[in-house]
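To convert a position in the sequence shown, counted from 1, into the working numbering, add 16.
We treat Cβ as the ideally placed atom computed from N, Cα and C, and that holds for glycine.
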Amino acid sequence: MIMLERSAEEERERLAGLDGEERMAQWQRWWEASKAAQAAVTEHAEATGQNRYEVEQAVKKAVRHPGPESAAT
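Encoded structure:
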């Protein structure tokens with residue numbers, strides 16, 4: 017899940033400074049990566065009986081604000 021969210025975040029960052037068709041193509045790449053990350057979160061939450069929102073927030077936090085232990089992954 018973290019790798020998928022990291023990928024989605026990287027695709028989102030690539031939107032900066034783009035316009036026109038180039039932006040639309042990059043937006044589509046971001047959208048697909050984001051959908052994959054969201055699907056993984058949902059699947060994990062359902063499989064483990066965890067709150068989906070809490071799982072999503074934990075994944076986003078791990079990607080956007082990595083601690084020393086997760087910086088290498």
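Review point. Cα-Cα, which of G83, Q66, R28 is closest to K51?
Key: R28
Review point. Rounded to the nearest angstrom, how far is the Cβ of Q42 from that of L31, given a contact under 8 Å?
Key: 5 Å
Practice item. Going by CA-CA distance only, name the one from M17, G33, W46 that's closest to E26. Key: W46
**Study point:** Run of the alpha helix (DSSP H) containing M40, from where it starts to where it stops
**Key:** 36-64
Check your understanding: Is the beta carbon of E21 sitting closer than 8 Å to the one on V75?
Key -> yes
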